[in-house]
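Asker:
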């Protein structure tokens, strides 16, 4: 059984390396895996990733690569030299692109887990239809997740609301990374498909990405401990229903 620390990814969705370092320092040994997304990576470049890796932290590099296969493959080769643990590509980029990413990851110094992003957690059904996809949202998530697995991706990114169906479809060995995690009573902000930490674990998620509930907290250390405790309880009692309610 994984530890709560194995499951929690804290999103460093901040504008500068100084802001990121402050968060990492405050959380200390509580958190070992951090997400670096477009905002921080664009501002600070690969240096912030190297600094985190060299400090003993693991990095989930969330760039959501989506381009022609060769370009994505070359980008993945560059990323693999940074020593990241996870890297995202858009599953909507298709099988050829994802296969190129997987192959490039295997040829690097360190092989990152390639995660296929299914449907963004900010999307609801109307957003999906506006983009030209008229399938049911959950069916589209399943389709893209199966495409990612077939292409060799070792994990997918989806909202916790689709995690349960994907776990039964994809099997036990695929990582299911779920953004949109909100403790009960938290503001959903720009997320449409959310769940509590316990509900996401019960649904079959292997990793939970938590940003604002920790990063924006007055006491980040305390906020992280509460979430880790909830994850621990969910891992220890997977059949419990008491924490399955959605956030307000």
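Residue numbers (this note's numbering): 1 to 248. All C-beta atoms in this analysis are idealised placements derived from N, C-alpha and C, irrespective of residue type, glycine included. This one's a predicted model, so the numbers in the text were calculated from it and none came from an experiment.
1) Go ahead and label residue 254 buried or exposed: buried means 16 or more other beta carbons lie within 10 angstroms of its beta carbon, across all protein chains shown.
2) Return the chain-ordered ranges of every alpha helix (DSSP H) run that is complete within the segment 46-113 and spans a minimum of 4 residues.
3) In chain order, what residues of the same chain lie with their CB nearer than 7 Å to the CB of residue 118, ignoring the 5 residues before and after it?
4) So the candidates are 161, 7 and 215; which of them puts its Cα closest to the Cα of residue 25?
5) Indicate whether residue 249 and residue 108 have their beta-carbon atoms separated by less than 8 Å.
6) Within 10 angstroms of its Cβ, does residue 197 collect 16 or more other Cβ (buried), or is it exposed?
7) With a CB to CB cut of under 7 Å and the five nearest residues on each side skipped, what residues in its chain are close to residue 43?
8) Taking just the CA atoms, how far does residue 111 sit from residue 95?
9) If we ignore side chains and look at the alpha-carbon of each, how far apart do residue 99 and residue 57 end up?
10) With a 10 Å radius around its C-beta and 16 neighbouring C-beta atoms as the bar for buried, classify residue 129 as buried or exposed.
11) Pick from 31, 47 and 106: whose alpha carbon is nearest that of residue 7?
12) Nearest to residue 203 by alpha carbon, out of 172, 73 and 64?
13) Please classify residue 28: does DSSP put it in a helix, a strand, or coil?
14) Going by DSSP, name the residue or residues bridged to residue 178.
15) Relative to the C-alpha of residue 37, which candidate in 224, 49 and 227 has its C-alpha closest?
16) Among residues of its own chain, excluding the 5 on either side of residue 229, which ones have a beta-carbon nearer than 8 Å to its beta-carbon?
17) Alpha carbons only, please: which of 80, 27, 205 and 104 is nearest the one belonging to residue 222?
Answerer: Quick answer:
1) Any property of residue 254 remains undetermined from this structure, which presents the chain solely from 1 to 248.
2) The segment 46-113 contains, as complete alpha helix (DSSP H) runs of 4+ residues, the segments 46-54, 69-80 and 95-106 (chain order).
3) By 1-based counting over the chain shown, the position of residue 118 is 118. 91, 141, 144, 145, 156, 157 and 158, listed in sequence order.
4) Here residue 25 refers to the residue found at position 25 of the chain shown. When each option's Cα is compared against that of residue 25, the closest is 215.
5) A question about residue 249 goes unanswered here, because the residues of the chain that appear run from 1 up to 248.
6) To locate residue 197, count along the chain shown from 1; it is residue 197. With at least 16 other beta carbons inside 10 angstroms of its own, residue 197 counts as buried.
7) Here residue 43 corresponds to residue number 43 of the chain shown, with the count starting at 1. Within the same chain, 15 and 16 come within 7 Å of residue 43 by CB-CB distance, once the 5 residues on both sides are set aside.
8) Reading the chain shown from its first residue, position 95 is the one you call residue 95. Reading the chain shown from its first residue, position 111 is the one you call residue 111. Note on geometry: alpha-carbon atoms of residue 95 and residue 111 lie some 19 Å from one another.
9) Along the chain shown, one-based indexing puts residue 99 at 99. Along the chain shown, one-based indexing puts residue 57 at 57. Distance between the alpha carbons of residue 99 and residue 57: 28 Å.
10) Within the chain shown, residue 129 is the residue found at index 129, counting from 1. Counting the other CB atoms within 10 Å of its CB gives residue 129 a total below 16, which places it among the exposed residues.
11) For the purposes of this step, residue 7 is identified with residue 7 of the chain shown, where counting begins at 1. The residue with the shortest Cα to Cα distance from residue 7 is 31.
12) Locating residue 203 in the chain shown gives position 203, where the first residue counts as 1. Looking at the Cα atoms, 172 is the closest of the given residues.
13) For the purposes of this step, residue 28 is taken as the residue at position 28 of the chain shown. Note: residue 28 maps to helix in three-state DSSP.
14) Counting from one through the chain shown, the residue named residue 178 turns up at place 178. Beta-bridge partners of residue 178 (DSSP): 208.
15) As a working note, residue 37 is residue 37 in the chain shown. Considering only 224, 49 and 227, the residue with the shortest C-alpha distance to residue 37 is 49.
16) The residue you call residue 229 lines up with position 229 of the chain shown. When the five nearest sequence neighbours on each side are left out, the beta carbons in the same chain lying within less than 8 Å of the beta carbon of residue 229 are those of 4, in order along the chain.
17) Here residue 222 corresponds to residue number 222 of the chain shown, with the count starting at 1. Checked all of 80, 27, 205 and 104; the closest Cα to residue 222 is 27.
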